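S.K.: Chains as they are written, first to last, in our numbering: chain V, 115 to 395; chain R, 115 to 395; chain Y, 115 to 395; chain S, 115 to 395; chain H, 115 to 395; chain D, 115 to 395.
There are 6 protein chains.
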Amino acid sequence: MNCLDLTYVDRMARQALEEDAGGGDITTLLTVGADVPGKAVIIAKQRGVIAAIEFAAAVISQTDDHVEFAPLVDDGSNVDPGQTIAQISGPSRAILMGERVALNFLQHMSGIATLTNKYVKLVSHTKAKIIDTRKTTPGLRRLEKYAVTVGGGFNHRFNLSDGILIKDNHIAAAGGVTAAVTAAKKGAPHLLKIECEVTNLDELNEAIAAGADAVLLDNMPLDMLKQAVEIAAGRVITEASGGVNEQTVAAIAETGVDLISVGALTHSAPALDISLEFVRE
Amino acid sequence: MNCLDLTYVDRMARQALEEDAGGGDITTLLTVGADVPGKAVIIAKQRGVIAAIEFAAAVISQTDDHVEFAPLVDDGSNVDPGQTIAQISGPSRAILMGERVALNFLQHMSGIATLTNKYVKLVSHTKAKIIDTRKTTPGLRRLEKYAVTVGGGFNHRFNLSDGILIKDNHIAAAGGVTAAVTAAKKGAPHLLKIECEVTNLDELNEAIAAGADAVLLDNMPLDMLKQAVEIAAGRVITEASGGVNEQTVAAIAETGVDLISVGALTHSAPALDISLEFVRE
Amino acid sequence: MNCLDLTYVDRMARQALEEDAGGGDITTLLTVGADVPGKAVIIAKQRGVIAAIEFAAAVISQTDDHVEFAPLVDDGSNVDPGQTIAQISGPSRAILMGERVALNFLQHMSGIATLTNKYVKLVSHTKAKIIDTRKTTPGLRRLEKYAVTVGGGFNHRFNLSDGILIKDNHIAAAGGVTAAVTAAKKGAPHLLKIECEVTNLDELNEAIAAGADAVLLDNMPLDMLKQAVEIAAGRVITEASGGVNEQTVAAIAETGVDLISVGALTHSAPALDISLEFVRE
Amino acid sequence: MNCLDLTYVDRMARQALEEDAGGGDITTLLTVGADVPGKAVIIAKQRGVIAAIEFAAAVISQTDDHVEFAPLVDDGSNVDPGQTIAQISGPSRAILMGERVALNFLQHMSGIATLTNKYVKLVSHTKAKIIDTRKTTPGLRRLEKYAVTVGGGFNHRFNLSDGILIKDNHIAAAGGVTAAVTAAKKGAPHLLKIECEVTNLDELNEAIAAGADAVLLDNMPLDMLKQAVEIAAGRVITEASGGVNEQTVAAIAETGVDLISVGALTHSAPALDISLEFVRE
Amino acid sequence: MNCLDLTYVDRMARQALEEDAGGGDITTLLTVGADVPGKAVIIAKQRGVIAAIEFAAAVISQTDDHVEFAPLVDDGSNVDPGQTIAQISGPSRAILMGERVALNFLQHMSGIATLTNKYVKLVSHTKAKIIDTRKTTPGLRRLEKYAVTVGGGFNHRFNLSDGILIKDNHIAAAGGVTAAVTAAKKGAPHLLKIECEVTNLDELNEAIAAGADAVLLDNMPLDMLKQAVEIAAGRVITEASGGVNEQTVAAIAETGVDLISVGALTHSAPALDISLEFVRE
Amino acid sequence: MNCLDLTYVDRMARQALEEDAGGGDITTLLTVGADVPGKAVIIAKQRGVIAAIEFAAAVISQTDDHVEFAPLVDDGSNVDPGQTIAQISGPSRAILMGERVALNFLQHMSGIATLTNKYVKLVSHTKAKIIDTRKTTPGLRRLEKYAVTVGGGFNHRFNLSDGILIKDNHIAAAGGVTAAVTAAKKGAPHLLKIECEVTNLDELNEAIAAGADAVLLDNMPLDMLKQAVEIAAGRVITEASGGVNEQTVAAIAETGVDLISVGALTHSAPALDISLEFVRE
C-alpha cells in the first residue's frame, strides 16, 4: 500500500474494532486475567494469496500498546495450508479481543487476492489484463481494489469522477454513439480518456470514428470479439465484459482483447480460510 | 428492519454514494441533459431471496428529490430470473448516478439471504436453526446479520459484549472448563447466558456440571455430536460448528443439535445477480 | 477499564477538551508565559471512592506532550478529605488548560462510584447485588456504568439490544405475561436471558411457568417481596426495583432478592468534591 | 432555545438514540406487533421546572415518522406531581424504543432547571443573579447551560475563549494581580471583559486599580464580602463563589454582590422524577 | 451543480454555520424579538460573476424552517453594482444569524468565478482553455473548482489519483523522461492519460516519442512555446504554465497552446463585494 | 499557536491530505521507487511574512513516519525572495505526496500574515490596532485569525457567541440605539462587552449615554471620525470600518481611532509565492 494508506488502515481498523469490541469483550474480561501473557500465530488453512497483512497488524496493535505483531509474509505471497503468516505476542486479553476483527480483514482481502490470482493465471499466456469493476462492497472500495492488485489484477475506475465510461443509457440519452462520444470529448478534463460501450461491430466502428480512446465490448460472442479486436487494430483499447468466469476467461483472453473486467473479483470472492491459534509452551 | 434503522439506512446509503459519486458522475453530466426523464426497472437475473430493498430505495432517493422508487417485492421474497423487483422514475441523471451503489447493496445482501435460505431449507426437516457468526465484513455487521434473518436464519452474538462465549483459549487461561464457567457466572450481567466451547464428551459433562447455559460442539464427528445431544438432554442448548457446508449440514442437523453456526453465510456468499435496466417507451 | 477502552478514553477526553478549550485558553495565554513550569496535585476534598483517574490522566496528557501525570491511587480506592490522588508536572499553561475538564470527569465519575458504594455497603450483610439502570446521562452510558462497577455495583443491560426485559407495556401489547414471554423465548438470540416485570404474585407464577429466566419485582411492598422470593425459590433470578433509596435499601435486600436496581446511581449522584492545586516551591 | 439549536437538538437526540437503541430494541420487536398503535403521556412525578421538552420531542420523533408528540407545557413551566407534560401517539414500537432516551434528557435537564430555580427564589429579595460555572458534564455544556437559564439563572463563560478570568495561579505566574490584569488588558480582544479572582481586600483594591472589569470574591466570609461590595462601589462587577449552598446563598446575596456562582447547578442536580405511561382505552 | 451536490452543499453550509453560530447569536437573541419578521435582499456591490447562490440559499434555509430564499440570478450570471441577486423573507433572527456565513460563501466563490471569467475573456480570440490547478484552499477544492467552471474555466485534476502528471522530480527519480513516461504507461489505469512536464524542446520530443498524451510546457518563453506547439502538431495536448497573469495570458494563448493553467484562480482571487440589506417597509 | 492547537493542526492536515491524496498519488507510485531517498527545501519566492510553518510540518510528517521536517524560521518571520524556510528529508514518495497540501496551507496563511503586516506598518505611527472580521473562508476561521496575529494584527470576535456587536438591523428591530444597548446590557453574560454600530454623531452620543463599551464607526468620513474620537474621549473604544484599504488606512488611523477592522485581511489576501524544490547532490 502507499504510505498515506497507513492513516487509512488505522482508521478502518479502529472502526472495525469499535463495531466488534466497543462495549468490551466481556468473556475475556471474566475468564482471562489482566496479566496473562500470550503467544499466537496466524495460520493459513487453505492455499491462496495473502492480502492486508498490515490490517491485521493494525487491528491487533490497537488493542493494546504491548502487543507485538510480526508478519512472516508480505502481501502478495502465495501460502500453503498450515503455513504460519504472522506471530503475535503480548497480553492474552488483547490478542483475544482483536482476533476476530483481524481475521475478518485478512480473510476477506486474501479471498479477493486469491480469486484474482486464479483469473490472472488463467490468462497468463495472453496479453490480456484482468481488471476489476465498481461492483464492490459499500464502504470498502479502496481496500478491495487494493486486494485486486495484490492478486495481480489491475484497477478500472475507482469512482464516477476518475474516468469516463459511456454506457448504453448514456448513448440513448445523448442520441447515439457519435453524439455521446463527441459530447464527452468536448467537456472532459484533459487527463481522462473516454471509453464507450458497444454491442456490435457497427457501434464499434462508430465509436472509433468519433474518437473514443477505449471500447467496452459487452457480452459479445467469441468470434465477434475477435473481429472487434481486428477492427480496433490498436487504435483503441479493448475491454471485454459479461459472461466472464473461470471456464470462459481463457478463451476470451485469446481473442486478443487488452482487458477483461470481472465483477466477481470483488462481489463474490469467498473468504480465504485463515485462523489464529494460541501457542502453549 | 426495525424503525430506528431508517436513520441507519440513510446514513449507510449516503456514505456509499459519497464513495462512488462524491466527485460527481462526470460521464452522465457530459452526455445526459439535466431535463431528460427516465424510467427503469430493477430485475433479478438469478433465482434467490431479496434483501435490502430499502437500501436500494434510500440510495436512489438520495440522488435527487424527484426520483420515485416503487418496490414490487418485500425483503424475504423469493424471486425468479427475469422478475422485476422495483420500478424507478425520475431524472435520468439521478437514476444513472445511483444505479451502481443501489445494486451493490442489493446484490450483496440478497446474496447472503439467498445462501442462508439454502441452508435453512436443507435442515427444515429437523429442529435445528441456522445461525450466523461474527465473521462479517468489517463495518457491515448490522446489515449482514439482518440479511441472515431475511433468509430465515437466526443471529448469534452481534459483538463481544452481548453474549458470553468461552472458547478454548479462555478455558486454558482460566485453568479449565469448570474454572472458566464459574468465573463467567460470577461476573456476568444477569441477562446474559454463558456458552462454553467443548471438544469432547468429558468437557461437555464438565461444562454442564459447572452450569453453562449452552455448549458449542466444535468440529465433532457426527456420532460424537449425537452422543453430546443425548448427554445434554435439553439441559443446555447445543450448537454445532466447524466443517459445515451444503453437503454436511443436513446430517449435522439430524444429530438433534439446536443450532448450527455457519461462517460462510456472511464471509463467502456470492452476490445475487441483479441489474437495473432503463425502460424505453 | 479494559484495554480497548484506552482509545475510548482518549476520544472522550479530546472531545471534552475541544468543548472547553477548543478556541484556546485566552486567560492563560495572556498571563502565563510559555516557559513557566508547574507542579500541581489533585486532592480529594470529601470522603469517597475515586473513579476515572485514567480520564484525568488522558485529559491532562493531551494538552501538551511534556506534561506528566502520576496517579497515587487506583480506581476504586477510598480517599479521605485532603488526600492527594495524583501529582502533575509540566508547563503551567497545559496544566491550567486541562484542569477543569479533568476535574469534571473525575468529580462526576467518582460521585457515581461513591454513591454506588454507599448502597453496596448498606446491603453487604445480604446476598443482594446493587445494579444500575439505563437512566444514564445521554452520551456517557459506558463511562457511568463503569463507575458503578468501580463502586462495587453491577451492570444491568447496556442498551436495548443486549438483554430482554419485558415490561408492562410489552405485556399489554402481547396479550399477557405468558404470550409475551413465549414470544420472546421463540425469537431471542440464544445467549440472551428473558426477564419479565411482574407486579403481583399471580403474574410472578405465570412468568415462571412461561419460562422466564428472571423477574423484575416492581414496586412491591416488603412482605410481597419476601413471598416472591419464596415462590421463585431459585428457579428465576429476582430483581427488586422502585422506591429504593438509602433508607429502604437494606430492608429490601433482607427480603432475599438477588438484585436491587437503583436509577439514582447514575441520574442523581452528586459530584465528589475534588480540586487541583498548584504546588509552590 | 434559539433557532440554530434545532439542528443541535436533532443531532444530540440521534446520538443518544444510537447509544441506547442502535442495535435495535429486541424486546419490543419480539413482543409488540409492528402495527400496534399506542397513546402515552409524559407525567411529572415531582414538583419542579421543566426543561428540554424539545429534546424529548426530537427523540420520540426520530424513532418513526408517524409518531406525534404534543407538548402541553413550555420550557420553564412549573409543574406539580401528576401533571401531564406531553401527549404522544403513534406506533407502540416507536414510543417504547424512544421512551428511556427521551426521559433521560428530560429528567437531567429539568433537574438542573429545578435546582437553579430554588437558588433563584432564595435570592429573589436581592439584586444578586445566580450564575453557573464550567463544572458541567463533559459533552453536555451547551445543554446544561441552557437548562440553567430555563430555571432563571444566568450563564458565566461557555468556555476558555469567551471570557477572561484570572485565577490565583495566573496571578502567581504573572507576578501579582497588577501584572496579570495589565497583561490581560493589553492582549485581550476588545469585546472581552477581564475578571480577576481576589481573596482579600488588598487584592481587591489592587485589581480595581489595575483596571479589572469584574472581581471574583472567592470564599470570603460574609463581613468581608460586605466590605468588598462597598469598596467596589459599582466600579467593578462583584461575583461571590465558594461555600454556596441552599443554606448560605441568601446571606451571601444580602451582602450586595452582583453575581453568585454555583457549581452544584450543573454537577450535582438530582434528576427530576418524570415518567412515561401508556394510556389504555 | 450536479444533483448529488445538494447533500454536499447542505453539509458544508451546516459546518460553516456551526463554526460561526454554534454557540448562538447572542446579540440577536438579546436585541431582536423572536417574532419580528424580516425582508432582506442580497446585492452585488461590484461587477462580477455570481457563483454559489445555492450555498447562500442552503445556509439561510438551515437557520430556520420559515425562511424563504428566492434567487434572482443563476450561477454564472454577470451582475452589475447595485443589482439584487436574491430576496429573503422570514424571521429577522434567522436572517441575521445566517447573513455572514451566506455572504462568506457567496463572496469567495463569486470572486473565483469573476477572476476566472477575466482570464477566459482575455483568451477568447484563441482556442486556449483556461484551467485551474490543485493550488486550492484546504478543504474547499470541490467548491473552488466548481466556481472555476462557473466563470467559464475548465478543471485540471481534482486530486492525485484522477490523473497522471509527471513532473521534474518524478523524471529525475525515474531516470529520464522516457523512463518515467514508460513506467506510467505500463501501470496506469486504462482511462487515465499521461501528461509530462517538459522544460525544453528536446524533452518535448522525448515525451512525445515515449507516448505521452499531454505535455506541460513549464515556464517557456513565448517563442519556445510557439515552436513546441508546432512540434506537438496535435499529437499531444499542450498545456502552458508559469508566469501567467492578466498581462501575459493573451500572448501565451496566441502561441496556439491548448490549455493555460492559472494557480491564481483559486489561491489569490479577491472576494467579490456583496452585501445583505434589510428592506424596511 | 497554543498547545491544544497541535491536535487541531494534525486534524486539519490529515483532512487536507485526504482531500488531495486520499486515493493515492498514482503518478508518484508509478514513477518513483519506494526506496528512493529525497532532500528538499521550501523556498520563499516573494518577500513576506511566514505563517503556518507547523501546518507544513504536520502535513509532510503525516505522509510517512520517516520524513524529517526542519523549519528554519518561526511564524512571523520576514523572509526575502530566495530564502530557504524549511528543509525536508525522507522518502521521495512521501515528500512528493505532501508537497502541494503543505504549500497550500503555507501560501494561504502566509498571504494573510503578509497582507496584515502591510496594514500594521502603514499605521505604526499611530496607536491604532489593525483587527480582522468574521469575513473568513468557511471552515478556516481559526487558522485565518491566527495568521492575522502572526502578521501583527489583532482579532475581533471569533463567532457570534463570544462578543456582542449591535448593528443597524439590531437597532432597527429593537427600536433605537438606546433600546438595543439597554437590552443587551441586561442580558449579556457579565464578561462580554457591548459594541454598537453608529453612523453619525447623534447615534454615537446615544450609544455612549446608553452605556455601550465600544462603538463601530461605520463608513464615516475622516472629519467625522475625528469628531467621534473627540466625543468618545476614552469613554468607549472606537473602531473604524468601511472603505479601508492600503491607500486610506493611514489617514483613518491618524484620526485617533483605537481599532481599524479590515475584511480584506482574510477574504482577499493573495497567496504568498512559496515553492518546494528537491535538492540533488
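Note that beta-carbon positions come from the ideal geometry of N, C-alpha and C, so glycine has one too. Note that this is a predicted model, so its numbers are computed, not measured.
Measuring only between beta-carbons, confirm whether F169/V sits less than 8 Å from chain D.
M.R.: As a first step, residue 169/V is located in the first sequence; it is residue number 55 there, counting from the start. So, not an interface residue.
S.K.: Take M334/D as the anchor and find which of F183/D, T313/D, A323/D has the nearest alpha-carbon.
M.R.: Here residue 334/D is taken as the residue at index 220 of the sixth sequence, counted from 1. Checking every option, the nearest Cα to that of M334/D belongs to T313/D.
S.K.: Of all the CB atoms in chain H, is at least one closer than 8 Å to the CB of M126/R?
M.R.: By one-based count along the second sequence, residue 126/R stands at place 12. Not closer than 8 Å to any Cβ of chain H, the Cβ of M126/R fails to qualify, so no.
S.K.: Assuming L330/Y is part of the beta strand (DSSP E), what are its boundary residues?
M.R.: Working through the third sequence from its first residue, we reach residue 330/Y at position 216. It spans 328-332 - the beta strand (DSSP E) in which L330/Y sits, taken as one unbroken run.
S.K.: Give me the DSSP bridge partner(s) of F183/R.
M.R.: One-based indexing of the second sequence puts residue 183/R at position 69. According to DSSP, F183/R bridges with I202/R.
S.K.: For A302/H, which residues of its own chain have a beta-carbon under 7 Å away from its beta-carbon, when the five flanking residues on both sides are left out?
M.R.: Looking up residue 302/H in the fifth sequence gives position 188. Cβ within range, chain order: I278, I308.
S.K.: Is it right to say H304/V is buried, meaning 16 or more other beta carbons lie within 10 angstroms of its own, or is it exposed?
M.R.: Start at 1 with the first residue of the first sequence, and residue 304/V comes out as number 190. Looking at its Cβ environment, which holds 16 or more other Cβ atoms inside 10 Å, H304/V is buried.
S.K.: How would you write the range of the alpha helix (DSSP H) that S175/D sits in, first residue to last?
M.R.: The sequence position of residue 175/D within the sixth sequence is 61, counting from 1. Start and end: 167-177.
S.K.: Using a Cβ-Cβ cut-off of less than 8 Å, give me the residues of the stretch 272-288 of chain D that come near chain S, in sequence order.
M.R.: F272, S275, D276, G277, I278, L279
S.K.: Shortest alpha-carbon distance to S355/V belongs to which of E311/V, E320/V, D316/V, Q341/V?
M.R.: The count along the first sequence starts at 1 and reaches residue 355/V at position 241. Looking at the Cα atoms, E311/V is the closest of the given residues.
S.K.: Would you kindly check if the distance between the Cβ of A365/V and the Cβ of V350/V is under 8 Å?
M.R.: Here residue 350/V corresponds to residue number 236 of the first sequence, with the count starting at 1. Here residue 365/V corresponds to residue number 251 of the first sequence, with the count starting at 1. No, they are not a contact pair.
S.K.: Tell me the DSSP bridge mates of F219/V?
M.R.: Looking up residue 219/V in the first sequence gives position 105. The partner list for F219/V (beta bridge, DSSP) is empty, contrary to what the question assumes.
S.K.: For V262/R, which of helix, strand or coil comes out of DSSP?
M.R.: The residue given as residue 262/R occupies position 148 in the second sequence. In this structure, V262/R counts as helix in the three-state DSSP scheme.
S.K.: For T230/D, tell me which candidate among A208/D, E258/D, S206/D has the shortest Cα-Cα distance.
M.R.: If you number the sixth sequence from 1, residue 230/D lands on position 116. Nearest option by C-alpha distance: E258/D.
S.K.: Our contact map puts A242/V next to I374/V with C-beta atoms below 8 Å; I'd like the distance itself, whole angstroms only.
M.R.: The residue you call residue 242/V lines up with position 128 of the first sequence. The residue you call residue 374/V lines up with position 260 of the first sequence. Confirmed, about 5 Å.
S.K.: If contact is defined by three or more beta carbon pairs under 8 Å, each pair taking one atom from either stretch, is the stretch 124-131 of chain D in contact with the stretch 259-268 of chain D?
M.R.: No: fewer than three Cβ pairs fall under 8 Å.
S.K.: Measuring CA to CA, which of S389/R, A172/R, V376/R is closest to D332/R?
M.R.: On the second sequence, position 218 is the one that residue 332/R refers to. Taking only the C-alpha atoms, the option nearest D332/R is V376/R.
S.K.: Return the residues of the stretch 289-316 of chain H that lie within a Cβ-Cβ distance of less than 7 Å from chain V, sorted by chain order.
M.R.: P303, H304, L305, L306, K307, E309
S.K.: Give me whichever residues DSSP pairs with I157/S in a beta bridge.
M.R.: Against the fourth sequence, residue 157/S aligns to sequence position 43. DSSP, once it has assigned bridges, lists T198/S, S389/S as partnering I157/S.
S.K.: Hey, quick one: how far does the alpha helix (DSSP H) through V143/S stretch, first residue to last?
M.R.: The residue given as residue 143/S occupies position 29 in the fourth sequence. In the sequence under discussion, the amino acid at residue 143/S is Leu, which differs from the Val named in the question. Start and end: 140-145.
S.K.: With 16 as the cutoff for other CB atoms within 10 Å, does P151/R come out buried or exposed?
M.R.: Indexing the second sequence from 1 puts residue 151/R at position 37. Label assigned to P151/R: exposed.
S.K.: With a Cβ-Cβ cutoff of 8 Å, do T198/S and V234/S count as a contact?
M.R.: Position 84 of the fourth sequence, counting from 1, holds the residue named residue 198/S. Position 120 of the fourth sequence, counting from 1, holds the residue named residue 234/S. The answer is no: Cβ separation not under 8 Å.
S.K.: Between which two residues does the beta strand (DSSP E) harbouring T352/V extend?
M.R.: The residue labelled residue 352/V in the question sits at position 238 within the first sequence. Run containing T352/V: 351-355, per the beta strand (DSSP E) assignment.
S.K.: Does the beta carbon of E133/V come closer than 8 Å to any beta carbon on chain R?
M.R.: Working through the first sequence from its first residue, we reach residue 133/V at position 19. By this cut-off, E133/V is an interface position.
S.K.: Cβ closer than 9 Å: which chain V residues qualify as neighbours of V215/R?
M.R.: Here residue 215/R corresponds to residue number 101 of the second sequence, with the count starting at 1. The answer, in chain order, is R248, P252.
S.K.: Apply the 10 Å Cβ neighbour rule to P195/V and answer buried if 16 or more other Cβ atoms are within range, or exposed otherwise.
M.R.: As a position in the first sequence, residue 195/V is number 81, starting the count at 1. Counting Cβ neighbours within 10 Å, P195/V comes out exposed, since fewer than 16 surround it.
S.K.: Quick check on P185/Y - is its C-beta less than 8 Å from some C-beta in chain S?
M.R.: In the third sequence, counting from the first residue as 1, residue 185/Y sits at position 71. Output row for P185/Y: interface = no.
S.K.: Under 8 Å, Cβ to Cβ, is there at least one residue of chain D near H270/S?
M.R.: Sequence index remark: in the fourth sequence, residue 270/S carries index 156 (1-based). Answer yes: the Cβ-Cβ gap between H270/S and chain D drops below 8 Å somewhere.
S.K.: Looking only at its own chain, which residues have a Cβ that is under 6 Å from the Cβ of R248/H, when we skip the five neighbours before and after it?
M.R.: Locating residue 248/H in the fifth sequence gives position 134, where the first residue counts as 1. Excluding positions up to five away in sequence, the list is empty.
S.K.: So with Cβ pairs under 8 Å, would you call A328/Y a contact of chain R?
M.R.: In the third sequence, the residue the question calls residue 328/Y occupies position 214. Answer yes: the Cβ-Cβ gap between A328/Y and chain R drops below 8 Å somewhere.
S.K.: Can the beta-carbon of V193/Y be found less than 8 Å from the beta-carbon of A158/Y?
M.R.: The count along the third sequence starts at 1 and reaches residue 193/Y at position 79. The count along the third sequence starts at 1 and reaches residue 158/Y at position 44. Yes; because the gap between Cβ atoms is below 8 Å, this pair is in contact.
S.K.: With H, G and I counted as helix, E and B as strand and the rest as coil, what does DSSP make of I278/D?
M.R.: For the purposes of this step, residue 278/D is taken as the residue at position 164 of the sixth sequence. In this structure, I278/D counts as strand in the three-state DSSP scheme.
S.K.: Given 7 Å as the limit, tell me if K299/R has its C-beta closer than that to any heavy atom belonging to the ligand COA.
M.R.: Of ligands this structure carries none, so the ligand COA is not represented either.
S.K.: What is the rounded straight-line gap between the Cα of E368/R and the Cα of L339/R?
M.R.: Position 254 of the second sequence, counting from 1, holds the residue named residue 368/R. Position 225 of the second sequence, counting from 1, holds the residue named residue 339/R. One C-alpha to the other measures close to 10 Å.
S.K.: Quickly, what does DSSP pair G152/Y with across the bridge? List them, please.
M.R.: Counted from its first residue, the third sequence places residue 152/Y at position 38. Answer is G204/Y, bridged to G152/Y.
S.K.: Quick check on R394/Y: buried or exposed, where buried means 16 or more other Cβ atoms within 10 Å of its Cβ?
M.R.: For the purposes of this step, residue 394/Y is taken as the residue at position 280 of the third sequence. Exposed, by the Cβ-count rule.
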